[in-house]
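Residue numbers (this note's numbering): 2 to 287.
Notes follow once the structure below has been shown.
This is the structure:
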């Protein structure tokens, strides 16, 4: 278990973030300035609305202590490569999805430590583990920014080779995602079944509310259906692997794949119960 948490998990997450970087180009970042309103609406949903709704779910469903912190860790995570794929299946704005994923993933270096510190203090009280914000930010930088930038740089230097390799890299990243989710659930098997009656409905409620608001709010603000579908997916689909890594590497320490990781791991399963029907509906919205 020590090797899994100290070596396999960080390297697996780094590779998943690297796969995100391989799919990026500088134009994905420049596009933010070309379509500022759509990006700002999406960023508002991910950075502010998502943690607020997650906090309301935690309070509403009576989730406490480590599980509450784990729930908020999930809410602090940006979207991942999966959100870009789902946006494409849902016939959304893939370019906007990629831009949101890229920028919010880089911004997580600052946003995750803030939300994590708040959650630990709010839900753990005197039992709260010590969270070093600077160390957390540096760890986030190493786990997200460095591999994304490496993938981006290799794509720029060797475009033909990296484009050809991208499907293989994506498949490997998908396998790693499944392995990490399975490992986190297996490590907390008893706690998983014990807390499933509360945690499952809470995660379902989180996904439903975020997906609905993610579509409704942009439409009320005059954004196109394509943009609204994209923001809906980006708001509802989070990087569960990053959540598990934060829970295990930053918060858990020697405890490994502990209860903090459970919401992110369970989310990796629950997400598809909501998002697959959403794809079916969104594909029929022109």
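Every residue, glycine too, gets a C-beta built ideally from N, C-alpha and C.
State the Cα-Cα distance for the pair residue i and residue j, rounded to the nearest angstrom.
i           : j           : result
residue 69  : residue 264 : 9 Å
residue 273 : residue 279 : 9 Å
residue 2   : residue 160 : Here the model assigns residue 2 a pLDDT of 48, short of 50, so the residue's position is not dependable and the matter cannot be decided.
residue 14  : residue 246 : 7 Å
residue 18  : residue 148 : 6 Å
residue 209 : residue 154 : 37 Å
residue 98  : residue 232 : 7 Å
residue 179 : residue 107 : 23 Å
residue 286 : residue 194 : 38 Å
residue 187 : residue 30  : 38 Å
residue 182 : residue 32  : 33 Å
residue 96  : residue 205 : 27 Å
residue 284 : residue 38  : 24 Å
residue 198 : residue 192 : 11 Å
residue 224 : residue 190 : 43 Å
residue 132 : residue 105 : 22 Å
residue 62  : residue 207 : 11 Å
residue 150 : residue 28  : 14 Å
residue 282 : residue 221 : 19 Å
residue 142 : residue 92  : 32 Å
Measuring alpha carbon to alpha carbon, tell me which residue in the options is nearest residue i.
i           : options               : result
residue 1   : 102, 245 and 284      : No answer is possible for residue 1: it lies beyond the span of the chain, which begins at 2 and ends at 287.
residue 163 : 112, 10 and 21        : 21
residue 212 : 174, 198, 172 and 277 : 277
residue 260 : 123, 96 and 196       : 196
residue 72  : 285, 269 and 282      : 269
residue 25  : 37, 252, 48 and 167   : 167
residue 77  : 62, 112, 60 and 281   : 112
residue 120 : 16, 60 and 275        : 60
residue 170 : 216, 157 and 152      : 152
residue 294 : 12, 74 and 58         : The structure shown does not extend to residue 294, since the chain is modelled only from 2 through 287, so no value can be given for it.
residue 48  : 215, 27, 172 and 12   : 215
residue 165 : 12, 23 and 11         : 23
residue 146 : 217, 262, 35 and 110  : 110
residue 201 : 252, 271 and 250      : 271
Taking the runs of the alpha helix (DSSP H) that are 4 residues or longer, which of them lie wholly in the segment 137-165? 147-158
Between the segment 132-140 and the segment 83-95, can you find at least three pairs of beta-carbon atoms closer than 8 Å? no
Does the pairing of the segment 73-84 with the segment 235-251 give three or more beta-carbon distances under 8 Å? yes
At least 3 beta-carbon pairs within less than 8 Å: the segment 47-54 vs the segment 100-116: yes
Any 3 or more C-beta pairs closer than 8 Å across the segment 223-240 and the segment 120-133: no
Cβ contact (3+ pairs, closer than 8 Å) linking the segment 223-233 and the segment 27-46: yes
As an exercise, report each continuous alpha helix (DSSP H) stretch of at least 4 residues that is fully enclosed by the segment 76-144, in chain order. 82-90, 95-125 and 134-141
Which full runs of the alpha helix (DSSP H) of 4+ residues lie inside the segment 185-263, going along the chain? 190-221, 226-237 and 241-246
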